[in-house]
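As structure tokens, the structure follows; a few thoughts come after it.
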Amino acid sequence: NAGVTQTPKFRVLKTGQSMTLLCAQDMNHEYMYWYRQDPGMGLRLIHYSVGEGTTAKGEVPDGYNVSRLKKQNFLLGLESAAPSQTSVYFCASTSVPNYGYTFGSGTRLTVV
Amino acid sequence: SQQGEEDPQALSIQEGENATMNCSYKTSINNLQWYRQNSGRGLVHLILIRSNEREKHSGRLRVTLDTSKKSSSLLITASRAADTASYFCATVGTTDSWGKLQFGAGTQVVVTP
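Chains A and B, in that order, are what the protein sequence lines are. Numbering-wise, my numbering puts 36 at position 36 of the first sequence, and it's gapless, one number per residue. My numbering runs 112 ahead of the 1-based position in the second sequence.
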């Protein structure tokens, strides 16, 4: 199925552990974004990429790193997880800015 | 900081009724978008309205935009139980070249049969 695929769907981490969330899209989209969703706060932008090999910081980048080595993949890394990073993470992509995004189904991350 | 603020935070209606929710934003925009999120799922794009447009329709959805008041409304007509979801408005600022969306906190809509 065409769209945005996120892996894993669920994960529990211990404080201090590291992990990588993978976002893959098969629509040849240039623009990809990572958001986190917390209760009552809507979605906040973590990092984004406007093309292969490029990344930039969003609104809440601290504690996260990203890479876009291939156009179809956008990776979000947590080097040393903290309980404040407990959240649902969404990846999104679009072919052109100012058009609607396609979202993945999310990764629910709990840091204990 | 959030750009958009939705009102009301929650809405409960009967099937067949209309549902109206509002969104206010703070800075000048290029466009405003509405998304739906079913429980435990990703967001689905519903409709986009550009800053030079005042009203758009898509099926049972009607969106208005008033840039002078920095506000938008989403109307769902003849609601169905399947419309139960959270609805988010999101904006792209005029100075933004990369399409970064800024979301509000959402309106939770429950449609009872």
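All residues carry an ideal CB built from backbone N, CA and C; glycine is no exception. Model, not experiment: these values are computed from the prediction.
Less than 8 Å between the C-beta atoms of Y99 of chain A and L187 of chain B, yes or no?
No, the Cβ-Cβ distance between Y99 of chain A and L187 of chain B is not below 8 Å.
Closer than 7 Å by C-beta to G16 of chain A: which residues in its own chain qualify, once you throw out the five before and the five after it? Chain order, please.
Around G16 of chain A: S80, A81.
Might you give, ordered along the chain, the residues of its own chain that have their beta carbon closer than 7 Å to the beta carbon of R192 of chain B, omitting 5 neighbours on each side?
Answer for R192 of chain B: E127, V223, listed in chain order.
Is the shortest distance between the beta-carbon of N98 of chain A and the beta-carbons of chain B less than 8 Å?
Chain B, which has a Cβ nearer than 8 Å to the Cβ of N98 of chain A, makes this yes.
Are Y31 of chain A and P97 of chain A close, meaning C-beta to C-beta below 8 Å?
Yes. Within cutoff.
Please classify L123 of chain A as buried or exposed, where buried requires at least 16 other C-beta atoms within 10 Å of its C-beta.
The shown model of chain A, from 1 to 112, leaves out residue 123 of chain A, and the question about it has no answer.
Give the interface partners of N143 of chain B over in chain A, defined as CB-CB distance under 8 Å, in chain order.
In chain order: N98.
If contact means a Cβ-Cβ distance below 9 Å, which residues of the segment 52 to 83 of chain A contact chain B?
Within the segment 52 to 83 of chain A, the residues whose Cβ lies closer than 9 Å to some Cβ of chain B are A56, G58, E59, listed in chain order.
Restricting to Cα atoms, I'd like to know which of A:D26, A:K9, A:M27, A:N28 is closest to M19 of chain A.
Comparing Cα positions, the closest option is A:K9.
List, in order along the chain, the chain B residues whose C-beta lies closer than 8 Å to that of L21 of chain A?
Here the premise fails: no neighbours, minimum Cβ distance about 14 Å.
Determine the chain A residues that contact A217 of chain B at a beta-carbon separation under 7 Å, and present them in chain order.
Here the neighbours are G40, M41, G42.
Taking 8 Å as the cut-off, decide whether the C-beta atoms of C23 of chain A and N73 of chain A are in contact.
Yes, the pair counts as a contact, with Cβ atoms nearer than the cut-off.
Using a beta-carbon distance below 8 Å, is F10 of chain A in contact with chain B?
Not closer than 8 Å to any Cβ of chain B, the Cβ of F10 of chain A fails to qualify, so no.
I need the DSSP call for D119 of chain B, collapsed to helix, strand or coil.
Looking at D119 of chain B - three-state DSSP - the assignment turns out to be strand.
Tell me the rounded alpha-carbon separation between Q149 of chain B and C201 of chain B.
About 11 Å.
For A217 of chain B, name the three-state secondary structure that DSSP assigns.
Correct three-state label for A217 of chain B: coil.
Taking the beta strand (DSSP E) that M133 of chain B belongs to, which residues open and close that run?
That run of the beta strand (DSSP E) goes 131 to 136.
Expressed to the nearest angstrom, what Euclidean distance is found between the alpha-carbon atoms of Y199 of chain B and Y101 of chain A?
The straight-line gap from Cα to Cα measures roughly 15 Å.
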